[in-house]
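Here's the structure, in structure tokens; my notes come after.
Protein chains: 2
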Amino acid sequence: MTAKHVVHHIPVCPFSQRLEILLALRGRDDAVEFRVVDITRPRDPELLAKTRGTTALPVLETPDGQILKESLVILRYLDEILDGPTLRRRDPLEHAVESMLVAREGPFTSAGYLFVMNQDRARRDEFADRLLAIYRDIDGFLREHSPDGPFLFKGFGLAEAVFTPMFKRFWFLDYYEDFSLPDGPDYDRVRAWKEACMTHPATHQVTEEEIIKLYYDYALGAGNGALPEGRRVSSFTFSSPWQDRPWPPRDKYAGTATDQALGLLPA
Amino acid sequence: MTAKHVVHHIPVCPFSQRLEILLALRGRDDAVEFRVVDITRPRDPELLAKTRGTTALPVLETPDGQILKESLVILRYLDEILDGPTLRRRDPLEHAVESMLVAREGPFTSAGYLFVMNQDRARRDEFADRLLAIYRDIDGFLREHSPDGPFLFKGFGLAEAVFTPMFKRFWFLDYYEDFSLPDGPDYDRVRAWKEACMTHPATHQVTEEEIIKLYYDYALGAGNGALPEGRRVSSFTFSSPWQDRPWPPRDKYAGTATDQALGLLPA
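Quick mapping for you: the protein sequence lines, in order, are chains V and D. Counting in our numbering, the first sequence runs from 1 upward without gaps. Counting in our numbering, the second sequence runs from 1001 upward without gaps.
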């Protein structure tokens, strides 16, 4: 592959970080040009025309203008066309096993986002329990298929590329929900997997501080660039760099801090 | 591949029919032994042990005892290991395109099942509208990627194997909900696709009469072998062959017919 693919993305989006991890592992950061979409502003009409009206990101544009959507579709596509050892296992049975783990990512992601966006303090433990049930299920899966670990197979592969960005996103649960995996054998295998994923050198595209600051509005129930009541600037804004802002208050249930206290200046 | 794979399945299950379609297209019905699970009875403990407690079907057991779950995982696995031309497109970009269509199957299936299981007559049109919105989306997708058709690519492929069993299952909507695709250009492309899928010679594992009779309980809101109130024998029972039963009443909102009127005898 020589011509350039373009990925339209939100820089800290987990669905886009998967692609960055793949490129880092292949040493091919040059193979894709990332173009930033600011989700706090109306979508560019030219991009909307290309995607035929849908606003979900990331979107990949091939050198001859074909549009691919869906993070996992794009990930598998790039994995097939780039030179070098694939993320996916070549053996069909091993690939089926990693695909069973990948199939758990949808419920996992959903449970974590519903948890962080919940605004009812009385329901906090219910959301935590749902997420923990999925962690236990993944723990059992890893004990069955890879008891010694840390990864599902020998190295960092497809399932790891799919889950790692979510593990990093869920820093927002540590911070805003004081959530952590309980001690004990029900979680030891998935804890080791998560740790190995998060510390792998190909996965350092985002930091905890960045996630905590940018996702503050999610913790207030406002997703995708929406604004919490009483605020005028989104925590996702690019106009006030997150590096310059103070850490947001941890107690999400107390309601939003002001734009000013958050270091969010009008664009 | 010479040794035998085993698929544990419900005979009329759409997620299992996909595998049968694949085998029919490859001329390899002999490659898999199908073992019937009666969902109206408690699950066999030996099978439960193999699946580690989960009851979802189909499940594939490899010749050396490995267990694979998830219909699409099993379908892709068999597609890779069987001799002959694959269902999936070999070209990575074409495969990404068919995968985008396959990704629409979850919402499509969900919309159809929620529709047939709805018990509130006043909400009937709301469920119909949700399903129609997905049909229009698929219509647009096919017009973009395969304006001339009838299939997404040259022949019956992966996306067709995934959707066809659902098209056939949705006979229950024609019958119990008097549902059909409206006339007009918004649906013409998907109508042609659906027609080509349903009449393909590799897809005749089930008949309309069988689906209508077995899925009667779904139309009464009772899925997965559960019993509607006032009934003692499931419409999924194997003890009273569907061929011997009369057609069920079409008006699902009037409540259930009796076991006797349905030709359902106690086992």
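The C-beta atom is built at its ideal place from N, Cα and C for all residues, glycine as well.
Closest by C-alpha distance to residue i, when choosing among the options
i, options, result
"V:His200", "V:Asp64, V:Gly223, V:Ala24 and V:Asp217", "V:Ala24"
"D:Val1097", "D:His1145, D:Arg1018 and D:Tyr1253", "D:His1145"
"D:Gln1119", "D:Ala1254, D:Ala1161 and D:Thr1258", "D:Ala1254"
"V:Asp217", "V:Asp186, V:Glu33 and V:Gly230", "V:Gly230"
"V:Arg143", "V:Val190, V:Tyr176, V:Phe172 and V:Glu160", "V:Val190"
"V:Arg26", "V:Ala161, V:Gly53, V:Trp193 and V:Gly184", "V:Ala161"
"D:Val1116", "D:Phe1238, D:Leu1019, D:Pro1248 and D:Ala1219", "D:Ala1219"
"V:Ser180", "V:Ser234, V:His204, V:Gly112 and V:Phe156", "V:Gly112"
"V:His5", "V:Gly149, V:Leu262, V:Thr62 and V:Arg232", "V:Thr62"
"V:Arg104", "V:Leu87, V:Thr86, V:Ala128 and V:Leu72", "V:Leu72"
"D:Phe1153", "D:Glu1046, D:Ile1212 and D:Trp1193", "D:Trp1193"
"D:Gly1065", "D:Asp1139, D:Pro1085, D:Asp1178 and D:Val1007", "D:Val1007"
"D:Pro1150", "D:Asp1183, D:Met1198, D:Val1206 and D:Leu1114", "D:Met1198"
"D:Pro1248", "D:Tyr1176, D:Phe1163 and D:Thr1237", "D:Tyr1176"
"V:Thr40", "V:Asp30, V:Arg130, V:Arg90 and V:Leu214", "V:Leu214"
"D:Gly1155", "D:Pro1058, D:Pro1182 and D:Arg1089", "D:Arg1089"
"D:Thr1109", "D:Leu1173, D:Pro1085, D:Gly1084 and D:Gly1140", "D:Leu1173"
"V:Pro228", "V:Gln205, V:Leu262 and V:Val206", "V:Leu262"
"D:Phe1141", "D:Ser1099, D:Leu1114 and D:Pro1085", "D:Ser1099"
"V:Val233", "V:Gln260, V:Glu70 and V:Pro246", "V:Gln260"
For residue i, the first and last residue of its enclosing alpha helix (DSSP H)
i, result
"V:Leu47", "Pro45 to Lys50"
"V:Glu208", "Glu208 to Leu214"
"V:Phe115", "Glu105 to Met117"
"V:Leu19", "Pro14 to Arg26"
"D:His1200", "No alpha helix (DSSP H) holds D:His1200; DSSP gives it neither H nor E."
N-terminal and C-terminal residue of the beta strand (DSSP E) that residue i is part of
i, result
"V:Phe179", "Looking at the DSSP string, V:Phe179 is not in any beta strand (DSSP E), and its letter there is neither H nor E."
"D:Ile1067", "Ile1067 to Lys1069"
"V:Phe34", "Val32 to Val36"
Residue i, DSSP secondary structure in three states
i, result
"V:Ile81", "helix"
"D:Lys1154", "coil"
"V:Arg169", "helix"
"V:Phe127", "helix"
"V:Glu195", "helix"
"D:Leu1265", "coil"
"D:Glu1229", "coil"
"V:Val73", "helix"
"V:His8", "strand"
"V:Leu87", "coil"
"D:Leu1057", "coil"
"D:Leu1093", "helix"
"V:Ala159", "helix"
"V:Pro147", "coil"
"D:Thr1040", "coil"
"V:Gly140", "helix"
"D:Gln1260", "coil"
"V:Pro254", "At residue 254 of chain V the sequence reads Ala, which differs from the Pro that was named. V:Ala254 falls in the helix class under three-state DSSP."
"V:Leu132", "helix"
"V:Ala219", "helix"
"D:Pro1241", "coil"
"D:Asp1064", "coil"
"D:Asp1120", "coil"
"V:Ser99", "helix"
"D:Pro1248", "coil"
"D:Met1001", "Note that D:Met1001 scores a pLDDT of 45, beneath 50, so its modelled location is shaky; the value from the coordinates is reported in the next line. Correct three-state label for D:Met1001: coil."
Supposed close pair residue i, residue j - CB separation, criterion 8 Å
i, j, result
"D:Arg1028", "D:Leu1082", "6 Å"
"D:Trp1242", "D:Glu1210", "5 Å"
"V:Leu22", "V:Leu75", "6 Å"
"D:Leu1101", "D:Ala1049", "The Cβ separation is near 37 Å, so there is no contact."
"V:Val37", "V:Ile67", "Not really, about 14 Å apart at Cβ, beyond 8 Å."
"V:Ala267", "V:Ser235", "Going by Cβ atoms, the distance from V:Ala267 to V:Ser235 rounds to 13 Å, so no, they are not a contact pair."
"D:Val1032", "D:Leu1019", "7 Å"
"D:Ile959", "D:Pro1107", "Missing from the structure shown is residue 959 of chain D; chain D here goes from 1001 to 1267 and no further."
"D:Gly1157", "D:Leu1087", "5 Å"
"V:Thr203", "V:Thr237", "With a Cβ gap of about 25 Å, V:Thr203 and V:Thr237 do not count as contacting."
9 Å Cβ cutoff, residue i in contact with chain B
i, result
"V:Met100", "In the displayed structure, chain B is absent; the protein chains listed are V and D."
State whether the region 1122-1136 of chain D contacts the region 1075-1094 of chain D, with contact taken as three or more CB pairs (one from each stretch) at a distance under 8 Å.
Short answer: they don't touch.
Contact between the region 1166-1183 of chain D and the region 1013-1020 of chain D (3+ Cβ pairs under 8 Å)
yes
At least 3 beta-carbon pairs within less than 8 Å: the region 222-229 of chain V vs the region 181-189 of chain V:
no
Using a Cβ distance threshold of 8 Å, determine whether the region 1041-1055 of chain D contacts the region 1242-1258 of chain D, with at least three qualifying pairs required.
no
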